[in-house]
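*Asks:*
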Ligand SMILES: Cc1ncc(COP(=O)(O)O)c(C=O)c1O
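In this note's numbering, the protein residues as written are -16 to 404.
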């Protein structure tokens, strides 16, 4: 028996009950051919595909219940309000927040981080204060903090990593001090797949008197999230990476912190009373939700949460881990291929370079074989700089992917090597 076959067998033994073929039936987009080949979708870290449950919920809202929320006494408004608010309740369960009022609807993780940097940051950060981020952050967890630091004369400090793509906790410890106001770190890296030890990191930050924001954009689709067990102060995620639609996400914040923060945007719904002299603000969570929100998106997002909850995050994580083991083993057999990101704790992301072949060429040849991967800097240019590569090819996997699709990727990469030999 070849080692790859045995890797596949032992990997699939990890999750014997996972019926991936049944699950694939729920994702209409997967049933197509691209350039005459069956689509292999390995770009779920950029955005995940949507099951019928999500597509149908959005369609039903527009066909049957469409109305603006919160302000109407009529039946349609009540139905749409109930459906939208139901998603907040589902999110509370999904993340184990204490209360629905701690969950703010935002456009996505980017807006969640900007909300905290802008609202909490402007009030609480002064010249000489420090914000700690990590070397593997997505640009959306770098730039808002940089903007805040520029405005306030504060300092951005960066936790370094080792060559596997793991954060150096002893260096992190040294960065924490009396001027540290906030630690903002990814739960899972989009470019490397590293799962950071955020529980420990949060404890360390709290020990130094700092708050912690976790960027959960890449963790929420793969791992069970429990904001209370983590003791996270803020935790944000994007609906579209979690099998829901684009333009919707969640910012979790501890109520006492959110209550003390000024509003992020002004407008309808976030007020209690308005006169030309003075405005009083609404209670949580509405204080942070100005204007008509993405109602259809919120309802679709709720359907996505139901969908993954029905399958079970534990089962999803176990199956994806078996895919990751199999894929890692298979890719490492390709001569000249170097994996970028080999952390001991990893989510199902395979980022790599092949000697002498530009990632864009790899992506283009794979696309001709129906295989969708992402090439570039993955909105994490400092990660590319750290590994001294201009870009990588990233195959990001989800629970609707199969071992056979990984075989197709390996065959595709052999083809790439033939073309550029
Ligand atoms: C780790 C990480 N953080 C934040 C984001 C931003 O998410 P969004 O573009 O949905 O706001 C992404 C998107 O790729 C991400 O991977």
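Every residue gets a Cβ at the ideal spot worked out from N, C-alpha and C, and that includes glycine. Model, not experiment: these values are computed from the prediction.
1) So, helix, strand or coil for residue 198, using DSSP?
2) When the Cβ atoms of the stretch 215 to 222 are set against those of the stretch 94 to 101, are three or more pairs found closer than 8 Å?
3) Using CA coordinates, which residue listed in 399, 381, 398 is at the minimum distance from residue 25?
4) Tell me which same chain residues have a C-beta within less than 6 Å of the C-beta of residue 117, skipping the five on either side of it?
5) Please list the segments of the beta strand (DSSP E) lying wholly inside the stretch 236 to 278, counting only runs of 3 or more residues, in order along the chain.
6) Tell me whether the beta-carbon of residue 346 lies closer than 8 Å to the beta-carbon of residue 358.
7) For residue 322, write down the residues that DSSP places opposite it in a beta bridge.
8) Nearest by alpha-carbon distance to residue 230: which of 9, 83, 90 is it?
9) How is residue 102 classed by DSSP in three states: helix, strand or coil?
10) Please report the distance separating the alpha-carbon of residue -16 from that of residue 316.
11) Among the candidates 402, 383, 390, 394, whose CA atom is the shortest distance from the CA of residue 12?
12) Work out the CA separation of residue 327 and residue 306 for me, nearest whole Å.
13) Could you say if the stretch 190 to 201 and the stretch 55 to 66 meet the contact criterion of at least three C-beta pairs nearer than 8 Å?
14) By DSSP, does residue -14 sit in helix, in strand, or in coil?
15) To test your reading of the DSSP string, which unbroken alpha helix (DSSP H) runs of 4 or more residues are found completely within the stretch 44 to 78?
16) Based on Cα-Cα distance, which residue from 330, 348, 284, 350 lies nearest to residue 36?
17) Report the rounded CA-to-CA distance for residue 105 versus residue 130, giving the unit in angstroms.
18) Along the chain, where does the beta strand (DSSP E) that runs through residue 377 open and close?
19) Quick one: what's residue 21 bridged to in DSSP?
20) Taking 7 Å as the cut-off, is the beta-carbon of residue 261 closer than that to any non-hydrogen atom of ligand 1?
21) Where do the ends of the alpha helix (DSSP H) carrying residue 213 lie?
22) What did DSSP end up calling residue 394 once you bin it into helix, strand or coil?
*Replies:* Reading it off the structure:
1) Counting from one through the chain shown, the residue named residue 198 turns up at place 215. In the structure shown, residue 198 sits in a strand (DSSP, three-state: E or B).
2) Cβ pair count under 8 Å is three or more, so yes.
3) By one-based count along the chain shown, residue 25 stands at place 42. In this structure, 381 is the residue among 399, 381, 398 with its C-alpha nearest to the C-alpha of residue 25.
4) Working through the chain shown from its first residue, we reach residue 117 at position 134. Closer than 6 Å at Cβ, skipping near neighbours: 142, 150, 168.
5) Taking only runs of at least 3 residues, the beta strand (DSSP E) segments lying wholly in the stretch 236 to 278 are 254 to 257, 262 to 264.
6) Stepping through the chain shown from its first residue, residue 346 is reached at position 363. Stepping through the chain shown from its first residue, residue 358 is reached at position 375. Cβ distance < 8 Å, so residue 346 and residue 358 count as in contact.
7) As a first step, residue 322 must be located in the chain shown, where it is residue number 339. 335.
8) Within the chain shown, residue 230 is the residue found at index 247, counting from 1. For the set 9, 83, 90, the Cα lying nearest the Cα of residue 230 is the one of 90.
9) Counted from its first residue, the chain shown places residue 102 at position 119. Secondary structure at residue 102: helix, using DSSP grouped into helix, strand and coil.
10) As a working mapping, residue -16 is identified with position 1 in the chain shown. As a working mapping, residue 316 is identified with position 333 in the chain shown. A caution first: residue -16 carries a pLDDT of 39, below 50, which makes its placement in the model unreliable, though a value can still be read off. Rounded to whole angstroms, the separation of the alpha carbons of residue 316 and residue -16 is 16 Å.
11) For the purposes of this step, residue 12 is taken as the residue at position 29 of the chain shown. Of the candidates 402, 383, 390, 394, the residue whose Cα lies closest to the Cα of residue 12 is 383.
12) Taking the first residue of the chain shown as 1, we reach residue 306 at position 323. Taking the first residue of the chain shown as 1, we reach residue 327 at position 344. Distance between the alpha carbons of residue 306 and residue 327: 15 Å.
13) Touching, no.
14) For the purposes of this step, residue -14 is taken as residue 3 along the chain shown, with counting starting at 1. Here the model assigns residue -14 a pLDDT of 44, short of 50, so the residue's position is not dependable and the matter cannot be decided.
15) Correct list: 58 to 78.
16) The count along the chain shown starts at 1 and reaches residue 36 at position 53. Closest in alpha carbon position to residue 36, among 330, 348, 284, 350, is 284.
17) As a first step, residue 105 must be located in the chain shown, where it is residue number 122. As a first step, residue 130 must be located in the chain shown, where it is residue number 147. So the two alpha carbons sit approximately 11 Å from each other.
18) For the purposes of this step, residue 377 is taken as residue 394 along the chain shown, with counting starting at 1. Its beta strand (DSSP E) spans residues 375 to 379.
19) Start at 1 with the first residue of the chain shown, and residue 21 comes out as number 38. Under DSSP, residue 21 forms a beta bridge with 16.
20) Translated into positions along the chain shown, residue 261 becomes position 278. With a threshold of 7 Å, the Cβ atom of residue 261 does not count as near ligand 1, since no heavy atom of the ligand is closer than that.
21) Translated into the one-based positions of the chain shown, residue 213 becomes position 230. 210 to 213 is the extent of the alpha helix (DSSP H) around residue 213.
22) Here the question's residue 394 lines up with position 411 in the chain shown. Residue 394: helix per DSSP, three-state reduction.
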